[in-house]
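Participant:
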Amino acid sequence: MATVDIVDLKKSFGAFPVVHGVSMDFEDGEFIILVGPSGCGKSTLLRMIAGLEDVTSGTISIDGKVVNNLSPKERNIAMVFQNYALYPQMTVAQNLGFSLELSKMPKAEITAKVNESAEILGLTPLLDRKPSQLSGGQRQRVAMGRAIVRDPQVFLFDEPLSNLDANLRVKMRAEIKALHQRLCSTIVYVTHDQVEAMTMADRIVVLRSGVVEQIGTPLELYDFPKNMFVAGFLGSPAMNFLPGKLAADGSAALVLNNGESVALARRPDVAGDTEIVLGVRPQDISQDPDDGTAATVKVVEPTGADTHVLVELAGTEITCVLGARLDLVPGDQIRLSFETPAAHFFDAETEARLEAGSNENKGHQP
Amino acid sequence: MTASVSSTMVHGKRRDPVLIGLWISLVLVALIWLAPVVFITFTSLKSESEIFSSAAFAFPSELQWSNFSAAWAKGNFNQTFVNSSVITVVKVPIGLLISAMAAYALAQIQMGWNKLLLVFVLFGAMIPFQVMLAPLFTLVNSMGLIDTYPGIILPYLAFGVPYQVFILHGFFRAVPKELTEAALIDGASHFTIFRRIFLPVSLPVLSALLILDFVSTWNEFAMALVLLQDKDMWNLPLGLMSYQGQFSNNYGQLNAAIVMTVLPATIVYLIFQRYFVSGLTSGAVKG
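Residue numbers (this note's numbering), protein chains in the order written: chain A, 2 to 367; chain B, 33 to 319.
1. Which one or two residues does DSSP pair with residue 309 of chain A in a beta bridge?
2. What's the C-alpha gap between residue 129 of chain A and residue 160 of chain B?
3. Are the CB atoms of residue 115 of chain B and residue 250 of chain B within a distance shorter than 8 angstroms?
4. Buried or exposed, going by whether 16 or more other CB atoms sit within 10 Å of the CB of residue 239 of chain B?
5. Can the beta-carbon of residue 242 of chain A be found closer than 8 angstroms to that of residue 280 of chain A?
6. Which residues in the same chain have their Cβ closer than 6 angstroms to the Cβ of residue 146 of chain B, if we skip the five residues on either side of it in sequence?
7. Would you decide whether residue 121 of chain A is buried or exposed? Buried here means 16 or more other CB atoms lie within 10 Å of its CB.
8. Under 7 angstroms between beta-carbons, which chain A residues line up against residue 229 of chain B? List them in chain order, please.
9. With a cut-off of 8 angstroms, does the C-beta of residue 78 of chain A fall near any C-beta of chain B?
10. Does residue 116 of chain A come out as helix, strand or coil in the three-state DSSP assignment?
11. Grab the span of the beta strand (DSSP E) containing residue 25 of chain A for me, first residue to last.
12. Tell me the rounded alpha-carbon separation between residue 216 of chain A and residue 53 of chain A.
13. Report buried or exposed for residue 98 of chain B, applying the criterion of at least 16 other Cβ atoms within 10 angstroms of its Cβ.
14. Could you name the residues of the segment 233-259 of chain B whose beta carbon sits closer than 9 angstroms to any beta carbon of chain A, in the order they occur along the chain?
15. For residue 39 of chain A, which residues of its own chain have a beta-carbon under 7 angstroms away from its beta-carbon, when the five flanking residues on both sides are left out?
16. Quick one: is residue 108 of chain A buried, meaning 16 or more other Cβ sit within 10 Å of its Cβ, or exposed?
17. Classify residue 292 of chain B as buried or exposed, calling it buried when 16 or more other Cβ atoms lie within 10 Å of its own Cβ.
18. In the DSSP assignment, find the beta strand (DSSP E) that holds residue 11 of chain A and state where it starts and stops.
19. Which partner residues of residue 159 of chain A appear in the DSSP bridge assignment?
20. So what's residue 310 of chain B in DSSP terms, helix, strand or just coil?
21. Classify residue 113 of chain A: buried if its beta carbon has 16 or more other beta carbons within 10 angstroms, exposed otherwise.
22. Listed from N- to C-terminal order along the chain, which residues in the segment 206-224 of chain B have their beta-carbon within a distance smaller than 8 angstroms of any beta-carbon of chain A?
23. Note down the Cα distance separating residue 109 of chain B from residue 242 of chain B, rounded to an integer number of angstroms.
24. With a threshold of 8 angstroms on Cβ separation, who are the neighbours of residue 296 of chain A within its own chain once the five nearest residues in sequence on each side are excluded?
25. Kindly indicate the opening and closing residues of the beta strand (DSSP E) around residue 242 of chain A.
26. Beta-carbon within less than 8 angstroms of residue 73 of chain B's beta-carbon, same chain only, minus the 5 sequence neighbours each way: which residues are those?
27. Could you name the residues that DSSP lists as bridge partners for residue 276 of chain A?
28. Classify residue 90 of chain B: buried if its beta carbon has 16 or more other beta carbons within 10 angstroms, exposed otherwise.
29. Could you give the DSSP three-state label for residue 56 of chain A: helix, strand or coil?
30. By DSSP's criteria, residue 112 of chain B is part of a beta bridge. Which residues make up the other side?
31. Expressed to the nearest angstrom, what Euclidean distance is found between the alpha-carbon atoms of residue 341 of chain A and residue 264 of chain A?
32. Establish whether the CB of residue 100 of chain A and some CB of chain B are separated by less than 8 angstroms.
33. Take the Cβ of residue 84 of chain A as the centre, count every other Cβ of all protein chains shown within 10 Å, and call the residue buried at 16 or more, exposed below.
34. I need the straight-line Cα distance from residue 201 of chain A to residue 50 of chain A, nearest angstrom please.
35. List in chain order: all unbroken alpha helix (DSSP H) runs of 4+ residues lying wholly within the segment 126-164 of chain B.
36. Using 8 angstroms for Cβ pairs, my map puts residue 94 of chain B next to residue 282 of chain B. What's the rounded Cβ distance?
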């Protein structure tokens, strides 16, 4: 277990920069998730921590020691790859013990450590099998076992669940989280799946185009996104954005592009009829047949627990999560209320978050 | 309903005419390829009189094993067999090892000029060695290696490595880079990764190359003719050529000599062909 400190880290592939001077500190035992869309530099960042990519400039320190020039094996890290990367000709036991064997550990000790790791991950009955004789979930568990057997300072996970089916992903997610709670180790985990990020992380680092957009706990990022990118990236279904002008009279209302006025629960700390973007999560939108804003239903998606309805409002498509049983068909007119204290406001030009002063957002209130 | 089911079943049993055609072609081609083998084997076991009195593909009425012992003694096979064995047993594994290591380095260790180096290596495979025979003789002669094992093994290595590197490079490139990276993190050096991960993973392709290289080295004639002048250094094809010249009237013994020349390569093929069947990489990564 160790801290990880990254200072002004940059990476370019030839003349093409992919990581633009990012800085972050990970605490000892923290579960950090690097999240962002494809090409944001999250895997490159992880590979630089692992020593699999050279650093263009900046420093990476593990437990206070700068590791820029150390080879992967000298960094005392372990990495779990998206495609497992198990040695195909070796049995599960040999896969688990390979690193220990290379470190010239006595055989009896290797066997003990392999058995211990196998016990933790439920791999004991599979120790004599080869990777080709395992299911996807079992292979993933072997890959994790290969990491924990070494007792490394830092665990690195590169989209480890991406190749699993939905059910297995949920199961493995819980297993990884339980493993972290058991080992209390520092974990840096890369994913593009915001659900994984929200459910597993102690802190999330949101990256876009090689730049850190925001670092914080899952709920901090969910409740107080710094900008529209973070707001739109976290949460499922994604947050809706409604552009418009604040009411000139200073009241809590947003005037949409078609001139229609939308009542708000509060007003951001901006004077006059400034152009802003209202951000509302689908779960915070409700039906209000009396005072709601008119919208046209385009798609109805019943999920059983609730219904996702895609509507068009002033030329913008909005997704809302409404009651479990709705008698709606495309083309219907419904009236929606955006008068929620959980609404977010963003500057239309910079896309940065606008604070709402005394009416501070306290998160999603059902 | 019943009629439709039975009609579907009948339809399901109908063979694909293209497939039948392919099978017929395959059998015909196999027969054409097998005919000389059968002819040589049968003839090698017939007496002189039976060769001229029986049909070419008739099974020998009495097996003449003495043809083999006579041909072995007359053809100096004691010496040529040893020479061919030494040359092949030394050249083939060394060539494969050098090629595999070069291919691994070119495919997995990024040095910035890998592609250029690969093109340089492959350039060797593009020059027919017949063109190089005269300068090769001059070179080997100037090194005093004519009629020596190194004098034939080194040129064999030089001309064999490029195409093996080409094939192995393609194979190693297809091995997921995560395997190398996982091993690097586990603390393995590149040599360990090559030895412990890549060599076992590439057994099928190595076996294929071993068979091809064994057969081509065992049967090599042109370069041996130029570089091996002393009769005691001849390999089997040279010995066989000489035998054909001297004893061409004794077809039974001549064919016995041919069988003895071809047999080791056939045995090696039969031993290693099973590795062709399945790849070892299945299960290494998702896919």
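Ideal Cβ placement from N, Cα and C applies to all residues, glycine included.
Facilitator: On the basis of the coordinates in this document:
1. Assignment of beta-bridge partners to residue 309 of chain A by DSSP yields A:302 and A:322.
2. Cα to Cα, residue 129 of chain A sits roughly 49 angstroms from residue 160 of chain B.
3. No; because the gap between Cβ atoms is not below 8 angstroms, this pair is not in contact.
4. buried
5. yes
6. 138
7. buried
8. 88
9. Yes, because at least one Cβ of chain B sits closer than 8 angstroms to the Cβ of residue 78 of chain A.
10. Residue 116 of chain A falls in the helix class under three-state DSSP.
11. 17-27 is the extent of the beta strand (DSSP E) around residue 25 of chain A.
12. 24 angstroms
13. exposed
14. Within the segment 233-259 of chain B, the residues whose Cβ lies closer than 9 angstroms to some Cβ of chain A are 233 and 235, listed in chain order.
15. 193
16. Sixteen is the threshold: since fewer than 16 other Cβ atoms of the shown chains lie within 10 Å of the Cβ of residue 108 of chain A, the residue is exposed.
17. buried
18. 5-14
19. Per DSSP, A:191.
20. The predicted position of residue 310 of chain B is uncertain, since its pLDDT is 46 and thus under 50; a value taken from the coordinates is nonetheless stated next. Three-state DSSP puts residue 310 of chain B in coil, outside helix and strand.
21. exposed
22. 208, 210, 211, 213, 214, 215, 216, 217, 218, 219, 220 and 224
23. 24 angstroms
24. If we look at residue 296 of chain A and ignore the five residues flanking it on each side, its Cβ neighbours are 312, 313, 314, 319, 334, 335, 336 and 337.
25. Taken as a continuous stretch (DSSP letters only), the beta strand (DSSP E) holding residue 242 of chain A covers 241-247.
26. Counting only residues of its own chain and dropping the five nearest sequence neighbours on each side, residue 73 of chain B has a CB closer than 8 angstroms to the CB of 287 and 291.
27. Here residue 276 of chain A is bridged, per DSSP, to A:246.
28. exposed
29. coil
30. Partner(s): none; residue 112 of chain B has no beta bridge.
31. 9 angstroms
32. yes
33. buried
34. In a straight line, the C-alpha of residue 201 of chain A is about 20 angstroms away from that of residue 50 of chain A.
35. 146-158
36. Rounded to the nearest angstrom, the Cβ distance from residue 94 of chain B to residue 282 of chain B is 17 angstroms, too far for a contact under 8 angstroms.
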